[in-house]
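Here our numbering is used: the first residue of the sequence shown is 3, the next is one more, and so on.
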Amino acid sequence: MDAMFKKFIYVVLFGLLAACATSPTGRRQLVLLPESQIVVMGVQSFHQLQDNTPIEKKPAVNAYVQCVADAITRLPPVQEQSTDWEVVVFDSKDVNAFALPGGKIGVYNGLLTTAQTQDQLAAVIGHEVGHVLARHGNERMSQQFAAQQGLALLDTWMTANNSGSRQTAMALLGIGAQVGVLLPFSRIQESEADKIGLHLMAMAGFDPRESVKLWQNMSNSGGGNPPEFMSTHPSHDTRIHDLEAGMASAVTRYEEARAAGRRPACKAPA
C-alpha cells in the first residue's frame, strides 16, 4: 500500500470517527451535518409539500389524527426535539405518513383504511417520530455525502496512479456503496424506528400489541413483499417478529402509562 493511499484511508477513517454519534438505542451512527441545518431543510420540505398536496378538510378526520399525534408529541423525549409539533392530514389515498426534523408530522388519509384503530395509527406516528428522534435524516444524508466524497477521493487516487482497473474498481465500489453500506444502514434505521415507536406509543398509553396487527393489515393490503435483501424496509414478517421480541417491555410501559392516567380516547371519524 503506497503512502498516498494510506493517507486517503487515514483521512477517511479520521473523518468518520470524528463524526460518530449515538442513537437513542445506543447504536453508533455517522452524523456530519449540523442539526440546525437539518431542521431548516425539514421545515422547508414540509411547507413545499403543503403547497403541492391537497389538505384534508373534514374536521373529524383532522381532530382524530391530531388527538393521536398530541398524545405522542407531549412525551418528554419528543418535546426535547421540538415543543411545537405541527400535524397536517393530506387528502391522498396513499398509505403513508412521515415526520420531519423541526416538529412536522404529515399523515395521508389513505393510511386510515389500514391503521384501523387509534393504537394502530399511534404505531405509525410513533415510528415516524422515532426516525426524527434518532436523527435518521441527518444520518442518511451524512452517509450519502460520505460515500460521494469517498468515491471522489478514491477516483483521484486511482487517476494519479494510472490504474488500468480504475473503471472496474469504481463500478464494484459503486455497487458496494449501495448494497453493502447504504442499504443495510437504511434497514437498520427502519428497525430502530420500530423499536423507538413501540415504546413511544406505549408511554403515551396506546396498546403496543396493536402494532403487530397494523403490520398484519399492511401485509394483507399490500400483497407480497419485495425480496428483503434488496429492500430498504424489513419484510412484514421480520418486522412483526422484531416487534414481538420487544413487546414484553413495551406492555409494561403501557400498563404504567395507563396507571398514571394516560388513556387516550381519540374518536375515529365515521
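For glycine and all other residues, C-beta sits at the position ideal for the given N, C-alpha and C.
Straight-line CA distance for residue i to residue j?
i: G104; j: V80; result: 11 Å
i: P229; j: S188; result: For P229, the predicted structure reports a pLDDT of 46, less than 50, and the residue's modelled location is therefore unreliable. The matter cannot be settled from this model.
i: L114; j: A149; result: 38 Å
i: E192; j: G263; result: 30 Å
i: A171; j: A204; result: Residue placement at A171 cannot be trusted, given a pLDDT of 38 that sits under 50; the coordinates are not used to answer.
i: W159; j: F147; result: Summary for W159: the model assigns pLDDT 49, below 50, so the residue's position carries little reliability; its value from the coordinates is reported in the next sentence. Those two C-alpha atoms are separated by around 18 Å.
i: N98; j: K197; result: 19 Å
i: V183; j: G28; result: Its pLDDT being 42, under 50, V183 is placed unreliably by the model, and nothing is read from it.
i: R255; j: A73; result: 15 Å
i: P61; j: P271; result: 9 Å
i: L32; j: L245; result: 25 Å
Taking residue i and residue j to be in contact with their CB atoms under 8 Å, please state how far apart those CB atoms are, rounded to whole angstroms.
i: H238; j: A195; result: Wrong, their Cβ atoms sit about 15 Å apart, outside the cutoff.
i: V134; j: V91; result: 18 Å between Cβ atoms; not a contact.
i: D96; j: Y110; result: 4 Å
i: N140; j: I242; result: N140 to I242, Cβ: 28 Å. No contact.
i: R142; j: G207; result: Actually they are not in contact, since the Cβ atoms of R142 and G207 sit about 31 Å apart, beyond 8 Å.
i: L102; j: F48; result: 5 Å
The alpha helix (DSSP H) spanning residue i covers which residue range?
i: R260; result: M249 to A261
i: V134; result: Q120 to L135
i: D106; result: Here the sequence assigns Lys to residue 106, which means Asp is not the residue at that position. Unbroken run through K106 is the beta strand (DSSP E), K106 to Y110; no alpha helix (DSSP H).
i: C69; result: P61 to T75
i: E37; result: E37 to N54
Where do the ends of the beta strand (DSSP E) carrying residue i lie?
i: L32; result: R30 to L32
i: A99; result: A99 to L102
Check residue i in the structure and name its three-state DSSP category.
i: V89; result: strand
i: T24; result: strand
i: R265; result: coil
i: P271; result: coil
Measuring alpha carbon to alpha carbon, tell me which residue in the options is nearest residue i.
i: P56; options: V70, G112 and A252; result: G112
i: T240; options: S251, E257, S221 and R255; result: S221
i: T24; options: A261, A101, V131 and R137; result: R137
i: Q83; options: S38, I190 and A259; result: S38
i: E58; options: R260, C268, Q31 and G108; result: G108
i: T127; options: P236, N219 and C69; result: In the sequence under discussion, the amino acid at residue 127 is Ile, which differs from the Thr named in the question. Taking only the C-alpha atoms, the option nearest I127 is C69.
i: T75; options: W217, W87 and Q145; result: W87
i: A267; options: A71, P36 and N54; result: A71
i: N54; options: Y66, D93, A65 and L35; result: D93
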